[in-house]
Ligand SMILES: [Zn+2]
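Residue numbers (the numbering used here): 2 to 87.
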């Protein structure tokens, strides 16, 4: 596990969290893993107040990994994370 400095940019594809009422999540309670190897995101809808959990298998998460990563950006990010600036 690694922590990313908020001043750095981390390339990633956000997971959409939409409530049954149609509103998007504004904030999360927590993110974790289930005993069944699933990603679990706990959040409350800011519009209707419904408490929701997004549950996604890790294999499904892998299917949503961006296909074409910008290697130059990824390389620059890696170097920056090592404290190396161009
Ligand atoms: Zn809602």
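Backbone N, C-alpha and C define an ideal beta-carbon position, used for all residues, glycine too.
Predicted model only: the values in this text are computed from it and were never measured.
Test item: CB-CB of residue i and residue j under 8 Å
{"i": "residue 46", "j": "residue 24", "result": "yes"}
{"i": "residue 56", "j": "residue 35", "result": "yes"}
{"i": "residue 40", "j": "residue 62", "result": "yes"}
{"i": "residue 10", "j": "residue 38", "result": "no"}
Closest Cα partner of residue i within the set the options
{"i": "residue 49", "options": "39, 33 and 20", "result": "20"}
{"i": "residue 17", "options": "43, 3, 84 and 36", "result": "43"}
{"i": "residue 28", "options": "52, 6 and 37", "result": "52"}
{"i": "residue 54", "options": "26, 81 and 68", "result": "26"}
Extent of the continuous alpha helix (DSSP H) to which residue i belongs
{"i": "residue 59", "result": "59-64"}
With 16 other Cβ atoms within 10 Å as the buried cut-off, status of residue i
{"i": "residue 4", "result": "exposed"}
Opening and closing residue of the beta strand (DSSP E) in which residue i lies
{"i": "residue 41", "result": "39-45"}
{"i": "residue 31", "result": "29-34"}
Counterpart residues of residue i in DSSP-defined beta bridges
{"i": "residue 55", "result": "42"}
{"i": "residue 25", "result": "19"}
Beta carbon proximity, residue i to chain D, threshold 8 Å
{"i": "residue 14", "result": "Among the protein chains of the structure shown there is no chain D, as only one such chain exists."}
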